[in-house]
Amino acid sequence: MSVASLSPSRPPLPASILRLLFPLGAVLAAFAVGMAVVVIMGVPLDKALFAFWRGAFGNAYAISASLNRAVALALVGVGFVIANRAGLTNVGGEGQIAVGGIASTALCLTPGMASLPLGLAFIIPMIGGALAGGMWGALAGLLRARAGANEVITTLLLSFIAIWLLYWSVQSESLLRQPMTNSATLPESLLIPDPTKAPLLTGSYASPVTIGLPILAVVAVIAALALRRSLFGFQLSAVGLNPVAAARAGIAVGSTMVVALFIAGALGGLAGALMLQGEQYSLKAGFSSGYGFDGLVVGLLARGSIVGVIAGALLFGFMRSGGISMEMAASVPSALVGILQGLIVLMIAGAAYYVDREAR
Amino acid sequence: MIAEAGMLASDAAPGKGRGVTPLLAMTGVGKRFGAFEALADVDIAFLPGEVHCLLGENGAGKSTLCNLIFGIHAPSAGEMTLAGAPYRPAGPRDALSRGVAMVHQHFSLINELPVIDNLLLGGRLGRLDRKGEGRRLESLAQEFGLTLDPAALVGDLSVGQRQRVEIVKCLMKRPRVLILDEPTAVLLPDEIQSLLAVCRQVAGAGCAVVLVTHKLAEIERVADRVTVLHRGRIAARSDHPADEIDALVQAMIQRPVARDGEAASGVLALPKRQRPTPLVEAEEAMQLDGVSFLDRLGVRRLDDITLSVDRGEIVGVAGVEGNGQSELGAILAGLMRASAGRWFAGGRELTEASPRAITAAGVGIVPEDRHAVAVVSGLSLADNLFLNRMRQFARLGLIDRPRQRALAAEYIRRFDVRAEGPLIRFGSLSGGNQQKAVLARELTTPDLRFLLAAQPTRGLDIGAVEAVYRLIRDAADGGVGVLLVSSELDELIAVADRIVVFYRGRIVGERRADPANRRTIGALMSGQAA
Amino acid sequence: AESPLTVGILIPGSKSDKGWMESGYNGLVAAEKKYGDKIVVQMIENINYGDMGQALTQLASNNALVIGVGGQTQADVLKVAPHFPNVKFSIVGGNAGVQLPNVAGYDVKQAEIAFVAGAAAAMLSKTGAVSYVGGMEIPSIVNAGKEFGLGAHYINPNIKYFESYTGDFDDVAKSKEATLAAIAQGADVHYHILNLGLRGMEQAAKEKGTHIIGSYTDYCGTDPLYLAYSITGVGFQVQYAIDQAMGGTWAPGYKPFGLAAGPDASEMAVCGETPEMKAKLDEIIKDILSGKIKVLEG
Amino acid sequence: MTAELIAVFLGSTIRLAVPLLFAATGELVSERAGVVNMSLEGMMLMGAFAGAVGAALTGSPMLGLAAAILAVLPIAFVQAGLTNVLRANQIVTGIGINILVLGLTTLGYRQMFGERSRATIPGFDAWSTPLLSNLPVIGPLFQQIWLAWLGLAIICAVAYVLACTGLGISIRAAGEDPQAVAKSGANVTAVRHGAIIFTGVMAALGGAFLSIGDIHTFTEGMTNGAGYLAIVAVIFGNWRLWRTVFACLLFGAATALQFQLPALGVQIPNALLIMMPYLLAFLAVAGLVGRQTAPRALAQPFWP
Ligand SMILES: Nc1ncnc2c1ncn2[C@@H]1O[C@H](COP(=O)(O)OP(=O)(O)OP(=O)(O)O)[C@@H](O)[C@H]1O
Ligand SMILES: Nc1ncnc2c1ncn2[C@@H]1O[C@H](COP(=O)(O)OP(=O)(O)OP(=O)(O)O)[C@@H](O)[C@H]1O
Ligand SMILES: [Mg+2]
Ligand SMILES: [Mg+2]
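And the structure:
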């Protein structure tokens, strides 16, 4: 028996294989259904599949874009899994991304930021974004610990609030809106200066993987290790499984919850900062692009496993690229891509049953 | 040995003994949970008019057997018949409709609903006649001598009252087979008496009553027949249980046990404890100084409790449940603050202390509700053994798992916790072993000076009860002061040195733990001034 | 034969939104009809910011001309364009910030025509009260609203004018309620910059017997609910980009459209207008063009 | 002028609240039984779509209403199967269904009506309640399409069922302790299936109210978050029926206010106004209106 299986008891080996097989089968089944609809819609199947393939894996750019998207989703997903270990369901990814983006933009545009040496110009805004997201998450944690407010609800509400704060902050010149040279200036922030942009790994626009990828790798390894082997991970599990007993055992339940949601929020905020500093470069209402909700789905589908989060994020990241390409090159309606994604989510969620049943 | 034979002297093939057709019969029944065989080869018959007791260690499979009858689980092997017809209930609903009702080991009541709604749950879907049902309830209550307030919220009831609701809920269905899974574990002596009377009355009306219990006195009083389970198999049967108690006990725990025939509730009597001479003269382990507690509604749950426990002393707290014991436990555990007064342990004031500080002061707590407060069932046994002390294995924030496992294995040996290994999910341990594991943890608290043990033997089989009390006594002999809260007066008399009685949040009397004081203590418990 | 012109078009919202996006899509359809197989089109709609860079890059790698329908594509076009120096980019709704050698920004100038629409509304109103509902409260939309009010005022200094913003171009229920609120205060002619939300305004007007001035496309004669239309040349600019690329005259840089670009780009059409009305409106347009009437940007 | 404004404000409030009322009442029943339908949004959208399609094809809004209900049922079945049989996570399934339905209805609408349709769809007309609708100020309250009155009737019926019937007890108990309910002989799965289907029907009515009741057309993504807002209303209402009804009206009023304030000359950033329902709900949940007590077994799958 592995040491790792000490903490919350895990199903035996066959289940871990099932855990892989069922979601895989579910994805394939959803694809099959999707392709059937494609055919019914009158699009040649080979053309659609080819376009999907080209869009997802066709060239270095496509792969890089998919990876960047996957990084954002995975960060939100890892955060979700960590908070979930403490029994908390963070559905506020969208708002945490928004808040992270606002803070990161504000810092990027702070006079003097761009001239900081040693990469601090992009590191500080990233950290700022993470802290802001973390604060937004911790707020829900605080309410949970202090007032017993259900975090599913508070994080969701905080998301809506953050989305409208973002809207407001790019509408209002006293906040982040770019100076209005004329009244038609778009409601966006200024472009952030070059030094504050997240560096590209290859340095080339042909494969624009940002520094987000290695950051995610580090975050994921630390998270996996922490959840399985650390004292903190143990405390999260105890709080998640029985808060009263955890309190009796001397674990500070309230602070653990706050910290857990802080981490989840911080990873969301970091995702927001990366989306902004790595790709979009200027803040706009709606810049979070629904990645918070997609990341939530990734986190939920991963069922507590960091590896699952990575797998899910890659799936969603590449699927979106393939979908864009299918729509463009094979005229598959965008709505159909949505249908496909919905089906995949439902099928993976449903397939979990067969894993659970074995584990029981 | 008798257990080998699998039958006691008077035993015969099921049902034959009296030449009656069994109401419910199981043949060759088995139940597996995954790879684990919880029941195997069970042949058993329940006759109309009998009270049939099931005995067995914790984890022997008693509840599993009841659950099969009630349709919660489906057997993986074997057949069941009900009044001669094949019986394979698809679920509780099915079982109820065929006249099988069950009182569960863990309550199946909805705390948020009033009594009357709980009673009507699962009945007709349409408009409710709460008034009419209330009257029906009243007549039923009179018939069985059980009284209930239909409008009270279940969540506000005492454990004993809830148990009564459970029973009335079953009786309202007029069952042919009534299963009671450890209904008396949480009841007071007179409540037990009236429950047993109800059992007799129901059986008298031609029903089969299946009663699971760990209390031998109840078997002596009420059982017509007894079946003993051991590790999922039938280990013994008896048609004259009152005469064969010792043999039954032996079949159950597979070793001889000394018993004190005098103790009315039939707990095994440990030899009366001789308190060792204190190591240090009259050193206090714990002291309560005028502690009071008012709940959220302003009701005074604890009223000016002043009490001290010396090192090496075992002080028993007797009292009907709900007279402040739980509140005292929660305060000592650091989960609630006293509204007034102060308390000390190990020479430190702990009135405002956090749970961690309390543990650090050398205070061990075995709480009354172990599932809610003491353990995290979803974690492993090893994790639970060190729940409040994981820090000791941490290096750079990471837990040294091999070291933890090794120490866990040692505790498991030392405290005789029966488990497949330290990595097993805590929740899958039997009740007795769970309790031993909690004791193992609390008794190994560094610098332990004071131990609160609240209802430490509730629901445990006699073997486990003995083991738990031996552990507590050993601790006291080693100089730990123990406050032992129990609703089993006989146990207190056997184990404690002196007994204080709680009534309505106050200490209403103190007596030496002597069988001679049984009566007076009983009177104090029921609020009669001594 | 010459190989066809490849056109990639990115519509950030829904191409069936009854407003801005659909107007752009209509322009594309018209161009396709006009050029037949001389152009090959790749189109993508409903793209959010997170995916926009990728969508534009993909369009740019396969097409000679890439059109972004809406100012919201501008930031990403400016990011992508330098990597595809041989591809022409046109932003419909682009603004003066466009300076790259292969990017053109076409400014729609909704505020100018809104002033004219306001004037028309004042002439058409029987109650002396007109109203405007905008989607997002962003400057071009707000400015259009302001100009609409000013235009109405220009004709009738005593006119009552109500404006509100739903925060969402597509929320039908809110636009309906916003319109009803204005109707309750007397307004009988409504102008708007809405997309799907327009359907809510239509319902409100239908229920209460009031009328609408449409703001993107000319539906005169097909729908009695509408008294007039301001033509905002989103579709025209899509066509313009394709025409220019086909004709080899495509040029980068900022290009304001609006009234100055002629009636296809921006025009006011009153259904069954009287000669006096026409004269007055033409005069206003002339005054705007000559700078005699100053209108806000946007 | 002010009286008129108040009248419009009241009418507006009701119209904006009715879709929420339908959906939130359904959701309340389901949550009391222990199931969260994040799919409420998708169910409403499907109701709006199918109602419009049905009414357009048959020319009869009544049949449209029937079509709405029929079309939402399969979604409710999927939700029920996934949550009660496969015990899938209720948040995930809800989000999945919402994505799916948005795609389905958008695709379906374009296929059926053409990409650039401006079709108006036959819908219900408002009823003027005799006498009452002529009352000053509050008159407009009584000029509603009959669906609004149906909503009121259903809410009263739900109140009655929850409080006074055996079914009501089973529903409430299933949300607190399903294990105990099963042991008492009630069928938890059936209760939960039923609650989800009821939610589906209510969401269909709410959605249809939008499309064939209020606006007389369908537009892509027409519900625009109303489903989520209805869930927020249930929470704001602390899982009590009348408080939830109040929350829906409050949210309706907060939105309606948005269009009155400009007329009153009050200048508040629009973003803040739109944020209002969420902010209110947030403050409520944060403890300003007392402690929230969700059903104990909410969102937990039931394994017998
Ligand atoms: N659902 C289940 N899944 C897996 N194992 C189970 C399940 N239910 C019971 N068991 C196991 O079956 C065995 C018998 O359990 P059961 O509850 O019948 O014991 P019991 O005799 O009632 O004990 P106690 O006196 O503690 O109530 C135990 O080892 C228990 O862990
Ligand atoms: N109906 C609409 N739907 C969606 N987006 C819109 C709509 N109307 C305007 N926008 C967005 O707002 C941006 C600016 O609005 P608009 O085009 O009306 O201003 P303009 O007259 O082009 O301003 P300017 O003078 O900048 O460049 C547009 O580029 C577009 O992205
Ligand atoms: Mg048992
Ligand atoms: Mg413009």
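As you go down the protein sequences, you meet chains C, D, A and L in turn. First residue of the first sequence? That's 1442 in the numbering used here, and the numbers climb one at a time after it. First residue of the second sequence? That's -10 in the numbering used here, and the numbers climb one at a time after it. First residue of the third sequence? That's 56 in the numbering used here, and the numbers climb one at a time after it. First residue of the fourth sequence? That's 32 in the numbering used here, and the numbers climb one at a time after it. Ideal placement from N, C-alpha and C gives every residue a C-beta, glycine not left out.
Quiz item: If you follow the alpha helix (DSSP H) that C:F1563 is part of, which residue opens it and which one closes it?
Solution: From DSSP, the alpha helix (DSSP H) with C:F1563 extends over 1561 to 1588.
Self-check item: Secondary structure of A:W75, DSSP reduced to three states
Solution: A:W75 falls in the helix class under three-state DSSP.
Quiz item: Using the rule of at least 16 other Cβ atoms within 10 Å of the residue's Cβ for burial, across every protein chain shown, is D:S369 buried or exposed?
Solution: When all chains shown are included, D:S369 counts as buried.
Quiz item: What in chain C is Cβ-close to D:I388, meaning under 7 angstroms?
Solution: Within 7 angstroms Cβ-Cβ: R1670, S1671, L1672, F1675.
Self-check item: With 16 other Cβ atoms within 10 Å as the buried cut-off, status of L:M336
Solution: Since the displayed chain L opens at 32 and closes at 335, residue 336 of chain L lies outside it and no answer follows.
Quiz item: Three or more C-beta pairs closer than 8 angstroms, one from the stretch 179 to 191 of chain L and one from the stretch 49 to 57 of chain L: is that the case here?
Solution: Of all C-beta pairs linking the stretch 179 to 191 of chain L to the stretch 49 to 57 of chain L, three or more are shorter than 8 angstroms, placing the two stretches in contact.
Exercise. Give the single residue among D:G420, D:A408, D:Y400, D:R447 whose Cα lies nearest to the Cα of D:T434.
Key: Nearest of D:G420, D:A408, D:Y400, D:R447 to D:T434, Cα basis: D:Y400.
Self-check item: Selected residue, minimal CA-CA separation from C:M1767, among C:G1496, C:F1703, C:L1469, C:L1781
Solution: Considering only alpha carbons, the answer is C:G1496.
Exercise. Give a yes or no on contact between the stretch 219 to 230 of chain A and the stretch 248 to 258 of chain L, applying the rule of three or more CB pairs nearer than 8 angstroms.
Key: Three or more Cβ pairs drawn from the stretch 219 to 230 of chain A and the stretch 248 to 258 of chain L lie within less than 8 angstroms of each other, which places the two stretches in contact.
Practice problem: Please go through the same chain and pick out, in chain order, the residues whose beta-carbon is closer than 6 angstroms to the beta-carbon of C:V1593, but skip the five residues on each side of it. | Solution: Cβ neighbours of C:V1593 beyond the five flanking positions: T1530, V1532.
Quiz item: Quick one: any contact between the stretch 1510 to 1530 of chain C and the stretch 1556 to 1566 of chain C, if contact means 3 or more CB pairs under 8 angstroms?
Solution: No, the stretch 1510 to 1530 of chain C does not touch the stretch 1556 to 1566 of chain C.
Quiz item: Do you know whose CA, among C:Y1502, C:A1503, C:S1507, C:E1535, lies nearest C:L1518's CA?
Solution: Checking the displayed sequence, the identity of residue 1518 of chain C turns out to be Gly instead of Leu. It is C:E1535.
Self-check item: Local Cβ density within 10 Å of A:K88, reported as buried at 16 or more and exposed below that
Solution: So A:K88 counts as exposed.
Self-check item: Rounded straight-line distance, which links the Cα of D:P172 to that of D:V92
Solution: Between D:V92 and D:P172, the C-alpha separation is close to 7 angstroms.
Quiz item: Skipping 5 residues on each side, what residues in its chain have a beta carbon closer than 7 angstroms to that of C:A1726?
Solution: Counting only Cβ-Cβ distances below 7 angstroms, and skipping sequence neighbours, we find L1607, Y1608, V1611, P1628.
Quiz item: Measuring from the CB of D:A429, is there a heavy atom of ligand 1 at a distance below 7 angstroms?
Solution: Annotation for D:A429 indicates a beta carbon at 7 angstroms or more from all heavy atoms of ligand 1.
Quiz prompt | Sequence-distant residues of its chain with Cβ nearer than 6 angstroms to D:L321 (five each side left out) | solution = Closer than 6 angstroms at the Cβ level, and outside the excluded window around D:L321, lie L441.
Quiz item: Is the Cβ of C:E1535 closer than 8 angstroms to any Cβ of chain A?
Solution: Taking Cβ atoms only, chain A never reaches closer than 8 angstroms to C:E1535, which makes this a no.
Practice problem: Please list, in chain order, all residues of the same chain as C:P1636 whose beta carbon is under 6 angstroms from its beta carbon, the five residues on each side excluded. | Solution: Here the set comprises A1555, A1562.
Quiz item: Which residues in the same chain as C:A1590 place their Cβ atom closer than 7 angstroms to its Cβ, once the five residues preceding and following it in sequence are excluded?
Solution: These residues qualify, in order along the chain: L1584.
Quiz item: Counting only beta-carbon atoms, is A:D226 nearer than 8 angstroms to chain L?
Solution: True, the Cβ-Cβ gap to chain L drops below 8 angstroms.
Exercise. Pull up the distance between the alpha-carbon of D:A258 and that of D:D479, whole angstroms please.
Key: At D:A258, the pLDDT of 49 sits below 50, so the modelled position is not reliable; the number obtained from the coordinates is stated separately. Rounded to the nearest angstrom, the two C-alpha atoms are 8 angstroms apart.
Exercise. Would you list, in chain order, the members of the stretch 66 to 87 of chain A that have their beta-carbon closer than 9 angstroms to a beta-carbon of chain L?
Key: Sequence-ordered contacts of the stretch 66 to 87 of chain A with chain L read S69, K70, S71, D72, K73, E77, Y80, N81, V84 [C-beta pairs closer than 9 angstroms].
Self-check item: Cutoff 8 angstroms: L:Q331 Cβ touching any chain A Cβ
Solution: No, no contact with chain A.
Self-check item: Under 7 angstroms by beta carbon: chain A residues contacting C:G1731
Solution: N103, listed in chain order.
Self-check item: Identity of the residue in L:I266, L:V276, L:V222, L:L178 nearest L:G238 by Cα
Solution: L:L178 is the residue among L:I266, L:V276, L:V222, L:L178 whose C-alpha sits nearest the C-alpha of L:G238.
Practice problem: Could you tell me whether any Cβ in chain C is nearer than 8 angstroms to the Cβ of D:N47? | Solution: So, not an interface residue.
Quiz prompt | Cutoff 8 angstroms: L:S201 Cβ touching any chain D Cβ | solution = At a cut-off of 8 angstroms, the C-beta of L:S201 has a neighbouring C-beta in chain D.
Quiz item: Got a sec: is the Cβ-Cβ distance from L:V212 to anything in chain D below 8 angstroms?
Solution: At a cut-off of 8 angstroms, the C-beta of L:V212 has a neighbouring C-beta in chain D.
Quiz prompt | Min CB distance A:G173 to chain L below 8 angstroms | solution = Taking 8 angstroms as the threshold, the shortest C-beta distance from A:G173 to chain L does not fall below it.
Practice problem: Enumerate, from N- to C-terminal direction, the unbroken alpha helix (DSSP H) stretches of 4 or more residues contained entirely within the stretch 1622 to 1686 of chain C. | Solution: Whole alpha helix (DSSP H) segments, 4+ residues: 1653 to 1670, 1672 to 1682.
Quiz item: Nearest CA to the CA of A:L280: which residue from L:Q121, L:R149, L:L131, L:A102?
Solution: From the listed residues L:Q121, L:R149, L:L131, L:A102, the smallest Cα separation to A:L280 is found for L:R149.
Quiz item: In terms of alpha-carbon separation, which member of A:G63, A:V185, A:Y220 lies closest to A:F144?
Solution: Looking at the Cα atoms, A:G63 is the closest of the given residues.
Self-check item: C-alpha gap between A:Y274 and A:Y90, whole angstroms
Solution: A straight-line Cα-Cα distance of about 24 angstroms links A:Y274 and A:Y90.
Self-check item: 8 angstroms Cβ cut-off: residues of chain C touching A:Q129
Solution: Simply L1627.
Self-check item: Any chain C beta carbon closer than 8 angstroms to L:F313
Solution: Using a Cβ-Cβ cut-off of 8 angstroms, L:F313 counts as an interface residue toward chain C, since at least one Cβ of chain C sits closer than that to its own.
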